[in-house]
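If you're matching positions, the sequence shown starts at 211 in the working numbering and goes up one per residue. Ideal Cβ positions, reconstructed from N, Cα and C, are used throughout, including at glycine. All of these numbers come straight from a predicted model, not from anything done at the bench. Following: one structure in structure tokens, then a few remarks.
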Amino acid sequence: MINPSCFKRTLNAGRGSPPDWCDGTKAIFHYQALAPIDPIKKGNGMPEGIDAYRVVDDTRKTWPHGYGKPLVLIFGKKFQLPVFETCLRSMLVDEVSQFDVELIELVQYPFISKKLRDISKPSDGNHNHDHGHMCAASMTNGTGYKELDELLKNPRPLRFIIHLLKVFAPDEYVPDSWQLNEKDKLASVESIRLKGNQLYIKKEYKAAIELYKEALTRLDTLLLREKPGDPEWIDLDRKNIALYSNLSQCYLNIGDCHEAEETSTEIVLTHHEDKQLDQKELKNSIREMFNMADTNKDGFLENAELLTRIRHNFLKHLEKSTHEAKESFHVIDKDASKFLSWGELLPFFNHENDDLGQIMKNFHTCDVNNDSLLDQWEWLSFLHPEQDRQALLLMTKKVLAIYDKNEDGMVSRKEFINYLPGNVDKSNLEYYQLENEETNRRRNDFDMDVDVNQDGFATITELFAYVNPRNPNLAKNEVAELIQLADANNDKLLTLDELLNRDWLLARSSLLSARHRLHEEM
211 MINPSCFKRT LNAGRGSPPD WCDGTKAIFH YQALAPIDPI KKGNGMPEGI DAYRVVDDTR
271 KTWPHGYGKP LVLIFGKKFQ LPVFETCLRS MLVDEVSQFD VELIELVQYP FISKKLRDIS
331 KPSDGNHNHD HGHMCAASMT NGTGYKELDE LLKNPRPLRF IIHLLKVFAP DEYVPDSWQL
391 NEKDKLASVE SIRLKGNQLY IKKEYKAAIE LYKEALTRLD TLLLREKPGD PEWIDLDRKN
451 IALYSNLSQC YLNIGDCHEA EETSTEIVLT HHEDKQLDQK ELKNSIREMF NMADTNKDGF
511 LENAELLTRI RHNFLKHLEK STHEAKESFH VIDKDASKFL SWGELLPFFN HENDDLGQIM
571 KNFHTCDVNN DSLLDQWEWL SFLHPEQDRQ ALLLMTKKVL AIYDKNEDGM VSRKEFINYL
631 PGNVDKSNLE YYQLENEETN RRRNDFDMDV DVNQDGFATI TELFAYVNPR NPNLAKNEVA
691 ELIQLADANN DKLLTLDELL NRDWLLARSS LLSARHRLHE EM
């Protein structure tokens, strides 16, 4: 007896150790359901002889008398017949056992069996069967299946003969979309995209198309849960761009120009929508930040509150980036070797847009022991160089090479101030305004934060301190600069209106997200 309503008898012993049966475990099994022909009198057990039973269900029989294939049950997904989980938990793989189950456990059984048979019904048009609702009120005309209708008219306890074929732990199979919660479904989108990229590299374009379409379908189900225009909806919608881009490229490679054009149009529409929402999203983010930073709720942000917010965002970024690196490491490390090779890493990137040459260079830079593999710490510095001292030193050397025009191993005040990134049309009046604002900012940065000993030159040690996000002067300088530019009435305090009027100052600010500043090049 495995519970008061279920009695077990082993007919054929199984093999191996008992499965863990945690939530997400997948069991595949055949079963036969037998109903006693005669009513069972109270106090009497179930009859022994097979002739005393009639077959109600048999997974090995084809429709309409069964399902024609084994039943699959996922533990923890609230299957409507809990007694099946109870029975399976007592079994080993390859075991065959019989379970006598009391009527109280089987109230829903005829309806569940009807649903399973309906799903198994051939779709060749040779059979006519009404797919109605499965509640008891809708069964006035029966289930449409003789064996189940008889069971509804004359309820009986049942004997189940169960043969457990296979058991899979949650990490040993790819779950169907319906099994996943929102978090797991979102993670599966990225996993499917990576598999599609692997197929693309192998030029298996049609198979890649199916995977990209599946990922888009899963994204659509997630988007339906969010309100269009909300930050969560925007983040999800942006993921469509890479998938549609990959999909369009696949269609081009198989010569389907019409589908390639259709998917390209989706990219344009998504990108346009994204641009339209940016300004609104920025202002909403500023309002949210202000409410959290204004700890004394006086309607003003003072220097200390601004610094506290930046430090909070920085620590939050470090924690989140470490977690993301750990999660992505396990996704890419398919062979569980605890190391990532370049071959494993390659499908992780967008094969149309990413600069694979630079990525490979970064890979070898982070490969400190030169074994052509990245361990978890090397992977963290690959994704987030601000987390690792060695990576920060390499970044500092890169900065030195950019600024040090006379190659004397130092950056002079003039070299630092006169550097303007990007290509700018110097005939445009806006250029001179940009140059003036940027020059003043960089002069202030050099004097206050870079040139520690005030000798007019920045050594590699001073540049390292400036690049290091843990340098407290960076936050102080950012706050001082923001107050200087946004404080309209010069009271050394910032109101929400002052920040909204200068929203462009916060677009790349650590007040909204540390990621903005930590991942920008100087």
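For residue j and residue i, the rounded distance between their alpha carbons
| i | j | result |
| --- | --- | --- |
| Phe-217 | Lys-356 | 27 Å |
| Glu-424 | Leu-555 | 22 Å |
| Lys-376 | Ile-238 | 5 Å |
| Met-499 | Ala-690 | 18 Å |
| Ile-315 | Met-256 | Per the sequence presented here, residue 315 reads as Glu, with Ile not at that position. In a straight line, the C-alpha of Glu-315 is about 15 Å away from that of Met-256. |
| Gly-259 | Lys-252 | 19 Å |
| Cys-232 | Asp-577 | 38 Å |
| Ala-379 | Asp-230 | 8 Å |
| Gln-489 | Ala-696 | 18 Å |
| Ile-284 | Ala-685 | 50 Å |
| Asn-407 | Glu-400 | 10 Å |
| Asn-391 | Ile-247 | 43 Å |
| Ala-262 | Leu-368 | 12 Å |
| Ser-551 | Leu-583 | 5 Å |
| Asp-543 | Leu-593 | 15 Å |
| Ala-397 | Ser-547 | 21 Å |
| Ile-520 | Val-621 | 28 Å |
| Leu-733 | Met-502 | The structure shown does not extend to residue 733, since the chain is modelled only from 211 through 732, so no value can be given for it. |
| Gly-465 | Leu-453 | 18 Å |
| Pro-274 | Val-266 | 11 Å |
| Cys-467 | Asp-386 | 31 Å |
| Tyr-676 | Asp-659 | 7 Å |
| Gly-632 | Phe-573 | Note that Gly-632 has pLDDT 42, beneath the 50 cutoff, so the model's placement of it is unreliable and no number is given. |
| Phe-656 | Arg-623 | 7 Å |
| Glu-515 | Leu-528 | 20 Å |
| Ala-611 | Asp-394 | 44 Å |
| Asn-580 | Glu-588 | 11 Å |
| Gly-335 | Pro-280 | Confidence at Gly-335 is low in this model, with a pLDDT of 44, below 50, so the placement of that residue is unreliable and no value is reported for it. |
| Ala-535 | Leu-446 | 20 Å |
| Leu-291 | Asp-713 | 57 Å |
Beta-bridge pairing of residue i - partner residues as DSSP gives them
| i | result |
| --- | --- |
| Asp-665 | Partner(s): none; Asp-665 has no beta bridge. |
| Val-265 | Leu-244 |
| Asn-222 | Val-306 |
| Ile-238 | Val-282 and Lys-376 |
| Val-541 | None, per the DSSP bridge assignment. |
| Ser-495 | For Ser-495, which the question treats as bridged, DSSP gives no partner whatsoever. |
| Ser-547 | Answer by DSSP bridge pairing: none, since Ser-547 is not bridged. |
| Val-578 | According to DSSP, Val-578 bridges with nothing at all. |
| Leu-704 | Leu-511 |
| Val-621 | Ala-668 |
| Leu-710 | DSSP lists no partner for Leu-710. |
Beta-carbon gap between residue i and residue j smaller than 9 Å
| i | j | result |
| --- | --- | --- |
| Lys-449 | Leu-429 | yes |
| Leu-710 | Lys-493 | yes |
| Leu-358 | Ser-323 | yes |
| Leu-432 | Leu-421 | no |
| Phe-747 | Arg-652 | As shown, the chain starts at 211 and ends at 732. That puts residue 747 outside it, with no answer to give. |
| Leu-704 | Leu-517 | no |
| Phe-370 | Gln-242 | yes |
| Asp-328 | Gly-224 | no |
| Ala-245 | Arg-403 | no |
| Gln-586 | Phe-539 | yes |
| Arg-219 | Ser-307 | yes |
| Leu-457 | Ile-411 | no |
| Glu-491 | Ile-444 | yes |
| Gly-509 | Leu-706 | yes |
| Ile-569 | Leu-716 | no |
| Gly-286 | Thr-235 | yes |
| Leu-361 | Tyr-415 | no |
| Thr-671 | Gly-619 | no |
| Ile-372 | Leu-298 | yes |
| Val-317 | Ser-215 | no |
| Asn-687 | Asn-654 | yes |
The alpha helix (DSSP H) enclosing residue i, as first and last residue numbers
| i | result |
| --- | --- |
| Phe-656 | It is not in any alpha helix (DSSP H) - Phe-656 carries neither H nor E in the DSSP assignment. |
| Asn-450 | 441-463 |
| Arg-327 | 319-330 |
| Leu-675 | First, the amino acid is wrong: residue 675 is Ala here, not Leu. From DSSP, the alpha helix (DSSP H) with Ala-675 extends over 670-677. |
| Leu-316 | First-last for Leu-316: undefined, no H or E at that position. |
| Gly-553 | 552-555 |
| Trp-587 | 586-593 |
| Cys-297 | 292-299 |
| Asp-359 | 356-363 |
| Asp-713 | 713-716 |
Extent of the continuous beta strand (DSSP E) run through residue i
| i | result |
| --- | --- |
| Arg-369 | 368-378 |
**Sequence ranges, alpha helix (DSSP H) only - wholly within the stretch 388-436, length at least 4** = 392-411 and 415-433
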